[in-house]
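So for the sequence shown, this note's numbering puts the first residue at 6; every next one is plus one. C-beta: ideal position from N, C-alpha, C; glycine also. Because the structure is a prediction, the values reported are computed rather than measured.
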Amino acid sequence: MLKILLVDDHAVVRDGLAAILSTEPSFEVVAAVASIDQALQRLRGQAIDVVLLDLLLGEDNAVDRLDSIRQIAPDTVVLMLSSVQDERQARQAIRQGAAGFLTKDMDADALILAIKAATRGEMQLSSKLDPRLVRGAGAIDS
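Written out as structure tokens, the structure is:
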């Protein structure tokens, strides 16, 4: 079972993602938190397979904090999730070790497939972004 940590500063998004992911029998949402600091605390205390990480957490840009996540949990798959299609941020996130950059307008089935693919080592990039941004990135349908 894949243990998933949700990180988004909007409670309704966390709740919605948790509800969607709970439909997949091989997923377990172990926590849903509102900040990077809360995520780092969870990662220190528990083995997590996947982090779904919102790009903008209040005034905190999650890409700038990816190094902290990578240091604490180097084997954890981190997928960026954003409401904006920002190619510069996507490129930076991938360079910092994210396994993909997804947009929040994707459908539930595509999100589930993207998480599974990322855990198999397949780079995930929203189909709304230019796949040439990341060599080897597979565009996923939204």
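Residue j beta carbon less than 9 Å from that of residue i
i: S87; j: L130; result: no
i: L84; j: I120; result: yes
i: L62; j: D13; result: yes
i: R19; j: V35; result: no
i: I77; j: L118; result: no
i: A103; j: L45; result: no
i: A95; j: F106; result: yes
i: L10; j: I53; result: yes
Nearest-angstrom beta carbon gap, residue j and residue i [assumed within contact, 8 Å]
i: I74; j: V56; result: 7 Å
i: T124; j: L7; result: 6 Å
i: I41; j: A67; result: 6 Å
Endpoints, alpha helix (DSSP H) assigned at residue i
i: R125; result: Careful: R125 lies outside any alpha helix (DSSP H) and carries neither H nor E.
i: D20; result: A16 to L26
Short CB-CB distance (under 9 Å) between residue i and chain C
i: L22; result: Of the protein chains in this structure there is only one, and it is not chain C.
According to DSSP, residues forming a beta bridge with residue i
i: L10; result: A36 and V56
### Query
Which residue spans inside the segment 28-112 form an unbroken beta strand (DSSP E) run of at least 3?
32-38, 55-59, 82-87 and 105-108
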